[in-house]
Amino acid sequence: MVDVKKFSEIDLYGLLGAEISATEAEIRKAYRKKALQCHPDKNPDNPKAAELFQELSKALEILLDASARSAYDKLLNAKKAAQLRTQQLDSKRQKLKNDLEERERRAREAGSGKAYKVNKT
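Numbering (my numbering), first residue to last: 688 to 808.
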């Protein structure tokens, strides 16, 4: 069995041009199509063709093995969930920053020029 964690940074479905919900037949078809495009014998002037072909072969191996595909899908879903949480945090931070800048702008416009003391409660 292939170590799926090594491939967690690569979108295997995107590499093959297949959907996450693709069947084994659709994955094989997508692999054949991509393999014909990047096979080292078809691209002798491309030094990365062999490396890409190896990645395609590993992607096929992982996605056709039910347990490896399940493990990869879990990693992929966890990664997407983490990205979503980060985006939500970033939007909250941006809102807080915008609110602070708005309060600072209003304070400047008020012309008070005095520093405000923040009470911690």
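Glycine residues also receive a C-beta, built at the ideal position from the N, C-alpha and C atoms.
Predicted model only: the values in this text are computed from it and were never measured.
CA-CA distance, residue 729 to residue 773, rounds to 42 Å. Residue 790 and residue 784 have their C-alpha atoms some 10 Å from each other. Classified as exposed, residue 712 has fewer than 16 neighbouring CB atoms from the shown chains inside 10 Å of its CB. In the three-state reduction of the DSSP assignment, residue 785 falls in the helix class. Scanning the stretch 695-768 for uninterrupted alpha helix (DSSP H) segments of 4 residues or longer gives 699-703, 711-725 and 736-751, listed from N- to C-terminal end. Short of 6 Å from the beta carbon of residue 766, and not among the five residues preceding or following it, lies no beta carbon of its own chain.
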